[in-house]
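Visitor:
There are 2 protein chains.
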Amino acid sequence: MNTTRTAPVPASQVRDWAAETDVIVVGFGCAGASASIEAARAGAEVLVVDAAGGWGGASAMSGGEIYLGGGTPVQKACGIQDTPEAMYDFLKLATGPGPHEDKLALYCEGSLEHFDWLVGCGVPFKSGLWTEPCWEAPTGYGLMYTGGENAHPFADLVPPAPRGHIVHMEDKRPGERSAGWMLMSHLVSTAERSGVMVRYGTRTERLVVDGDRVVGVGAVTFGERVFLRARRGVVLAAGGFGANPVMLAQHSPRLLGNWLVGTDHDDGGAIRMGQAVGAAVRHMEAAQAAFPADPALLFRSLLLDVHGRRFINEDTYPGRVGQAALFQQNRKVFILYDEAINEELQRTGGRAADPTWVSDDLAELERRMRIAPGVLAGTVEMYNANAEKGEDPLFHKSARWLRPITPPYGVLDLRDAAFGIFTLGGLHTSPQGEALDIDGAPVPGLFAAGRTTSGIPSWGYCSGTSLGDGTFFGRCAGRSAAAR
Amino acid sequence: MNTTRTAPVPASQVRDWAAETDVIVVGFGCAGASASIEAARAGAEVLVVDAAGGWGGASAMSGGEIYLGGGTPVQKACGIQDTPEAMYDFLKLATGPGPHEDKLALYCEGSLEHFDWLVGCGVPFKSGLWTEPCWEAPTGYGLMYTGGENAHPFADLVPPAPRGHIVHMEDKRPGERSAGWMLMSHLVSTAERSGVMVRYGTRTERLVVDGDRVVGVGAVTFGERVFLRARRGVVLAAGGFGANPVMLAQHSPRLLGNWLVGTDHDDGGAIRMGQAVGAAVRHMEAAQAAFPADPALLFRSLLLDVHGRRFINEDTYPGRVGQAALFQQNRKVFILYDEAINEELQRTGGRAADPTWVSDDLAELERRMRIAPGVLAGTVEMYNANAEKGEDPLFHKSARWLRPITPPYGVLDLRDAAFGIFTLGGLHTSPQGEALDIDGAPVPGLFAAGRTTSGIPSWGYCSGTSLGDGTFFGRCAGRSAAAR
Chain Y
0 MNTTRTAPVP
10 ASQVRDWAAE
20 TDVIVVGFGC
30 AGASASIEAA
40 RAGAEVLVVD
50 AAGGWGGASA
60 MSGGEIYLGG
70 GTPVQKACGI
80 QDTPEAMYDF
90 LKLATGPGPH
100 EDKLALYCEG
110 SLEHFDWLVG
120 CGVPFKSGLW
130 TEPCWEAPTG
140 YGLMYTGGEN
150 AHPFADLVPP
160 APRGHIVHME
170 DKRPGERSAG
180 WMLMSHLVST
190 AERSGVMVRY
200 GTRTERLVVD
210 GDRVVGVGAV
220 TFGERVFLRA
230 RRGVVLAAGG
240 FGANPVMLAQ
250 HSPRLLGNWL
260 VGTDHDDGGA
270 IRMGQAVGAA
280 VRHMEAAQAA
290 FPADPALLFR
300 SLLLDVHGRR
310 FINEDTYPGR
320 VGQAALFQQN
330 RKVFILYDEA
340 INEELQRTGG
350 RAADPTWVSD
360 DLAELERRMR
370 IAPGVLAGTV
380 EMYNANAEKG
390 EDPLFHKSAR
400 WLRPITPPYG
410 VLDLRDAAFG
420 IFTLGGLHTS
430 PQGEALDIDG
440 APVPGLFAAG
450 RTTSGIPSWG
460 YCSGTSLGDG
470 TFFGRCAGRS
480 AAAR
Chain W
0 MNTTRTAPVP
10 ASQVRDWAAE
20 TDVIVVGFGC
30 AGASASIEAA
40 RAGAEVLVVD
50 AAGGWGGASA
60 MSGGEIYLGG
70 GTPVQKACGI
80 QDTPEAMYDF
90 LKLATGPGPH
100 EDKLALYCEG
110 SLEHFDWLVG
120 CGVPFKSGLW
130 TEPCWEAPTG
140 YGLMYTGGEN
150 AHPFADLVPP
160 APRGHIVHME
170 DKRPGERSAG
180 WMLMSHLVST
190 AERSGVMVRY
200 GTRTERLVVD
210 GDRVVGVGAV
220 TFGERVFLRA
230 RRGVVLAAGG
240 FGANPVMLAQ
250 HSPRLLGNWL
260 VGTDHDDGGA
270 IRMGQAVGAA
280 VRHMEAAQAA
290 FPADPALLFR
300 SLLLDVHGRR
310 FINEDTYPGR
320 VGQAALFQQN
330 RKVFILYDEA
340 INEELQRTGG
350 RAADPTWVSD
360 DLAELERRMR
370 IAPGVLAGTV
380 EMYNANAEKG
390 EDPLFHKSAR
400 WLRPITPPYG
410 VLDLRDAAFG
420 IFTLGGLHTS
430 PQGEALDIDG
440 APVPGLFAAG
450 RTTSGIPSWG
460 YCSGTSLGDG
470 TFFGRCAGRS
480 AAAR
């Protein structure tokens, strides 16, 4: 018997099964919950195991945005036109390079039905379009742009529509339960009503195989090693690998030194268990990288690289700005703004930003920022001259956010700021949720969903695509696992 | 029995072994040849199999540069000071993010011994330092800078030393046998003299396993499926995956649409066979990306992004420029130069570059290049004003290459140019050449080297690190495989 931790255990070596069921789902976040509901509804006996002491995973910590479109009731109530085709065209552009076209097609075609399914699980949505720059809309608003749909370059290429559907949460308070918690509470209730059984505090360590077929899991529960048998299939839905520095170093070293949007259980264990039985992985370097500044400040300011030059339209999705800053600029960026911007932030309910340096003199700021003489002055001169005319010929920021900036200038030095990251790479799955091996053939008995897989946000990220593809392809994986 | 192509075959299902030996080496490029020599010298019976009709692989097509240092006889003959520590410090910076420090340490400590080993195999080196910008030095020169050691930022951080040792090739002619061929001819002769057996036209498709242990390979030779038994170990040294568009799409989609520096056999088969028995992979997005212009032109010109702005010192290693242009600029770049540069190219034995557009008027060029008015003029104004003083405050190009450019200006539009690429990601191996599984434990009986693995150039590339780590860690893998 192989003595390494992740290698599969042959079923012949299991003397005692602590439990037996049709389908085992590993992880009780949005993907696992959705998988468990659909597997149970398809007639399977389902056991969910989660390493944590309760349900929710990273999903329950999230802002509860779900990327849906094609003309949902929420979109219609907000007067928004959308089609599955426009949604597909946008996501194909925004999630690349290397979009998963087969998954995208199914996801966009099925989006209206998926909205109804979520509503059927009791997930509350509300209309009300929020268009101010932010990570999360205030209570009472149900729809927002979450991927730069209405900004350059996408707005010029595809008819823009907001598709971030926000789960409604009446008494949301900072630091308390989030809309993601609300989503999860309804999915978990639905799973329990569907007869799904759950074991918390149960960390899955290995898969059990009978020949090539996955037939169960080995887990540790309250200090005891147990084996759990799955007659039909195992669904891995236990999150990404952002909490595993060794995997980060091996696949995406730029992510080290940031902070994880997720839980300690996002340790890549499920991905590794899949790999250990021959499942393939995709896009392991990809990650969401939340830009470490208030989007309301970012949209109105000049975002500068280490040389004092702009590099992206500041008014696109701040996760897109974050990916550009992390992967292309190595996080070495500044924000340049002025008092008028700070006043506007306060007037619109935000907080004034606290600058690292303030000066009337751009040359002085150049010295403090250690950038070449004249570059900052040139950047500001060009920005102001064009902003005066409502234009941004370099990066095409919308006229709504363009205004010449005036002294005294403030600079926010973000060169040491950590980004909020989570990983997007993972197991290669079919649109039906089957884990695929190196040749693209299903690994018998093994299914996966959510951030354990490479899904809709294959490289480029839009808020809501993780809860979106987690729930959508979680359902697919649950149905596939339940099928005999 | 699993019916997919790459999955391992249980030894119990092999009825007939077509051959039996101690060590099987898959691939007869520089890594496989070095592995075979060391395995044979350690007393093992060795069989090399190669899918091609003859030896050499991508190594024999290469320029024959080997990254060696720490004070080699060639460096000393050229009056170059170097230490293993300086070599380590440079490579740690240049091959990141995510350098493999354990491999780097062994590689730098062992470089002098490795030079002697190569010489002992009959590989000819010559002194003579070449310092003109180029991909390959002319015949008669034996040493060159191949990683930007003498350019910003490295020259400011580590004492620079040239470490690209060029295998000597007396009668090199364009399009004919390369110095890489010369390297391979000596390694192959040495292998044959050491008693290594070879089968050409033999494509390895799968590994054969006895429990967890790799005990042979399944291959196709002249239309016939055969199994070859390895009593001690199998060494995978069959190149990268640049010829496999499916793997490129899954791991590094920006590489699609370029041209492969390598052979059709660089199809990732060896990496996939390793994965199929549970071996881990690292840095699968990484790739060398040769910039598609004459380095002699590049060093003297202004390299511009799609917005008309410089983004790197043009005088660093052109593979480093290529990685920046491919991964950060999405290949959308221009070169701006003038007649004096063209005259200098011709005077130094090169060819004049043929511009896409020529004009005395930067505003006209801005329109043709579809960049924002004033940006190109600003770029040239700043470059020229500082070049006059021998300075480049933005990117620190060396004064040797700085000169104001003057009208008429030429622009080379490279936005549709394909880059010469090869992949750098691959199997995770120990410094001893053992293939490691998901938990970092050796896969019994399996070894790997060369571009089938993630090695010295883990992300950033320097010319010569592929022949360098292929031969160095090929030797390690051969010795490990031969050990009982």
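In the order they appear, the protein sequences are chains Y and W.
If you read the first sequence in numbering that gives the first Met the number 0, its first letter stands for residue 0, the second for the next number, and so on.
If you read the second sequence in numbering that gives the first Met the number 0, its first letter stands for residue 0, the second for the next number, and so on.
Even for Gly, the Cβ is constructed at its ideal location relative to N, Cα and C.
#1: Among the residues of its own chain, which have a CB less than 8 Å from the CB of Arg4/Y, if the five just before and after it don't count?
#2: Taking Cβ-Cβ distances below 7 Å as the criterion, which residues of the stretch 429–452 of chain Y are in contact with chain W?
#3: Going along the chain, which residues of the stretch 365–383 of chain Y sit with their C-beta nearer than 8 Å to a C-beta in chain W?
#4: Once the 5 residues before and after Ser358/Y are set aside, which same chain residues still bring their CB inside 7 Å of it?
#5: Starting from His164/Y, trace the beta strand (DSSP E) in both directions and tell me its first and last residue.
#6: Against chain W, which members of the stretch 309–338 of chain Y pass a CB distance test of less than 7 Å?
#7: Does chain W have any CB closer than 7 Å to the CB of Glu284/Y?
#8: Got a sec? Which residues, its chain only, sit under 8 Å from Asp436/Y by beta carbon, not counting five neighbours each side?
#9: May I have the straight-line CA-CA distance separating Arg231/Y from Gly477/Y, to the nearest angstrom?
#10: Taking 7 Å as the cut-off, decide whether the C-beta atoms of Ser462/W and Glu131/W are in contact.
#11: Per DSSP, which residues does Phe333/W bridge with? Please list them.
#12: Starting from Asp209/Y, trace the beta strand (DSSP E) both ways and give me its first and last residue.
#13: Helix, strand or coil for Asp436/W, going by three-state DSSP, please let me know.
#14: Which residue wins for smallest C-alpha separation from Lys396/Y, given the options Thr201/Y, Asp265/Y, Ala237/Y, Leu302/Y?
#15: Contact criterion: CB-CB distance below 7 Å. Does Arg478/Y meet it with respect to chain W?
#16: By alpha-carbon positions, which one of Thr315/W, Asp412/W, Gln74/W ends up nearest to Thr355/W?
#17: Does the beta-carbon of Asp81/Y have 16 or more other beta-carbons within 10 angstroms, so that it is buried, or is it exposed?
#18: Below 8 Å, how does it come out for the stretch 57–73 of chain W and the stretch 152–163 of chain W: are there three or more Cβ pairs, yes or no?
#19: Can you check which of these residues, Glu84/W, Met60/W, Thr464/W, Leu142/W, is closest to Ala76/W by C-alpha distance?
#20: Could you give the DSSP three-state label for Ser58/W: helix, strand or coil?
#21: Closer than 7 Å, Cβ to any Cβ of chain W: which residues of the stretch 384–407 of chain Y, in chain order?
#22: Among Ala190/Y, Ser177/Y, Trp180/Y, Ala150/Y, whose alpha-carbon lies nearest the alpha-carbon of Val45/Y?
#23: Go through its chain and collect everything with a Cβ distance to Ser193/W's Cβ below 7 Å, but skip five positions before and after it.
#24: Quick one: what's Tyr196/Y bridged to in DSSP?
#25: Where Gln328/Y and Gly179/W are concerned, what is the direct C-alpha to C-alpha distance, given to the nearest angstrom?
#26: Let me see if you follow: with CB-CB separation under 7 Å, is Ala248/Y close to chain W or not?
#27: Taking the CB atoms as reference points, tell me whether Gly146/Y and Ala85/Y lie closer together than 7 Å.
#28: Taking C-beta pairs closer than 8 Å, name the residues in chain Y that Ala279/W reaches, listed in chain order.
#29: Check whether the Cβ of Gly425/Y lies closer than 7 Å to any Cβ atom in chain W.
#30: Ends of the beta strand (DSSP E) at Ser358/W?
#31: Leaving aside the five residues before and after Met196/Y along the sequence, list all residues of the same chain whose C-beta is less than 6 Å from its C-beta, in chain order.
#32: In terms of DSSP beta bridges, what is Thr220/W paired with?
#33: Taking a cut of 7 Å between CB atoms, which residues from the stretch 4–26 of chain W lie near chain Y?
#34: Got a sec: does the ligand SAM put a non-hydrogen atom nearer than 6 Å to the Cβ of Asp353/Y?
#35: Just to confirm, is the Cβ distance from Arg501/W to Ser453/W under 7 Å?
#36: Evaluate the contact criterion for the stretch 365–379 of chain Y versus the stretch 336–344 of chain Y: three or more CB pairs, one atom per stretch, below 8 Å.
Guide: The relevant details are as follows:
#1: Start at 1 with the first residue of the first sequence, and residue 4/Y comes out as number 5. Closer than 8 Å at Cβ, skipping near neighbours: Glu204, Arg205.
#2: Hits within the stretch, in order: Asp436, Ile437, Asp438, Ala440.
#3: Answer in chain order: Ala371, Pro372, Gly373, Val374, Gly377, Met381.
#4: Along the first sequence, read from residue 1 onward, the residue named residue 358/Y stands at position 359. Take Ser358/Y, set aside five residues on each side of it, and the residues of its chain with a beta-carbon closer than 7 Å to its own are Leu364, Pro407, Tyr408, in chain order.
#5: In the first sequence, residue 164/Y corresponds to position 165, counting from 1. From DSSP, the beta strand (DSSP E) with His164/Y extends over 163–165.
#6: Going along the stretch 309–338 of chain Y in chain order, one finds Gln327 with a Cβ nearer than 7 Å to chain W.
#7: Taking the first residue of the first sequence as 1, we reach residue 284/Y at position 285. Cβ-Cβ to chain W under 7 Å: yes for Glu284/Y.
#8: On the first sequence, residue 436/Y is found 437 positions in, with the first residue counted as 1. Only Gly277, Ala278, Ala279, Val442 meet the Cβ criterion.
#9: Within the first sequence, numbered from 1, the residue matching residue 231/Y stands at position 232. Within the first sequence, numbered from 1, the residue matching residue 477/Y stands at position 478. Those two C-alpha atoms are separated by around 11 Å.
#10: Taking the second sequence and counting its residues from 1, the one referred to as residue 462/W is at position 463. Taking the second sequence and counting its residues from 1, the one referred to as residue 131/W is at position 132. In this structure, the beta-carbon distance from Ser462/W to Glu131/W does not fall below 7 Å.
#11: Along the second sequence, one-based indexing puts residue 333/W at 334. The partner list for Phe333/W (beta bridge, DSSP) reads Leu303/W, Asp412/W.
#12: Position 210 of the first sequence, counted from the first residue, corresponds to residue 209/Y. Counting along the chain, the beta strand (DSSP E) containing Asp209/Y begins and ends at 201–209.
#13: Residue numbering aside, residue 436/W sits at position 437 when the second sequence is read from its first letter. Reduced to three states, the DSSP call for Asp436/W is strand.
#14: In the first sequence, counting from the first residue as 1, residue 396/Y sits at position 397. For Lys396/Y, the nearest C-alpha among the options comes from Leu302/Y.
#15: Looking up residue 478/Y in the first sequence gives position 479. Chain W, which has no Cβ nearer than 7 Å to the Cβ of Arg478/Y, makes this no.
#16: Here residue 355/W is taken as the residue at index 356 of the second sequence, counted from 1. Looking from the CA of Thr355/W, the closest CA among Thr315/W, Asp412/W, Gln74/W belongs to Asp412/W.
#17: What you label residue 81/Y is simply residue 82 of the first sequence in a count that begins at 1. Counting every other CB atom within 10 Å of its CB across the protein chains shown gives Asp81/Y a total of 16 or more, marking it as buried.
#18: A contact exists between the stretch 57–73 of chain W and the stretch 152–163 of chain W.
#19: Along the second sequence, one-based indexing puts residue 76/W at 77. With distances taken between Cα atoms, Ala76/W lies closest to Leu142/W.
#20: The sequence position of residue 58/W within the second sequence is 59, counting from 1. In the structure shown, the three-state DSSP call for Ser58/W is helix.
#21: Those would be Pro392, Leu393, in chain order.
#22: As a first step, residue 45/Y is located in the first sequence; it is residue number 46 there, counting from the start. Here the closest residue by C-alpha is Ala190/Y.
#23: Along the second sequence, read from residue 1 onward, the residue named residue 193/W stands at position 194. Excluding sequence neighbours, Ser193/W sits near Ile36, Ala39, Arg40.
#24: Taking the first residue of the first sequence as position 1, residue 196/Y is located at position 197. Looking at the sequence provided, one finds Met at residue 196/Y rather than Tyr. Paired residues: Leu46/Y.
#25: Taking the first residue of the first sequence as 1, we reach residue 328/Y at position 329. Taking the first residue of the second sequence as 1, we reach residue 179/W at position 180. A straight-line Cα-Cα distance of about 36 Å links Gln328/Y and Gly179/W.
#26: Translated into positions along the first sequence, residue 248/Y becomes position 249. Interface residue, yes.
#27: Counted from its first residue, the first sequence places residue 146/Y at position 147. Counted from its first residue, the first sequence places residue 85/Y at position 86. Taking a C-beta distance under 7 Å as the contact criterion, Gly146/Y and Ala85/Y do not qualify as a contact pair.
#28: Here the question's residue 279/W lines up with position 280 in the second sequence. Near Ala279/W (Cβ distances below 8 Å), the residues of chain Y are Gln249, Gln274.
#29: As a first step, residue 425/Y must be located in the first sequence, where it is residue number 426. Interface annotation, Gly425/Y: not in contact with chain W, CB-CB separation never under 7 Å.
#30: Along the second sequence, read from residue 1 onward, the residue named residue 358/W stands at position 359. Per DSSP, Ser358/W is one residue of the beta strand (DSSP E) stretching across 356–358.
#31: Here residue 196/Y corresponds to residue number 197 of the first sequence, with the count starting at 1. The residues are Leu46.
#32: Looking up residue 220/W in the second sequence gives position 221. Beta bridge pairing from DSSP links Thr220/W with Thr201/W, Glu223/W.
#33: Listed by position along the chain: Arg4, Thr5, Ala6.
#34: With respect to the ligand SAM, the structure offers nothing, as it holds no ligand at all.
#35: This structure cannot speak to residue 501/W, because chain W is shown only from 0 to 483.
#36: No, the stretch 365–379 of chain Y does not touch the stretch 336–344 of chain Y.
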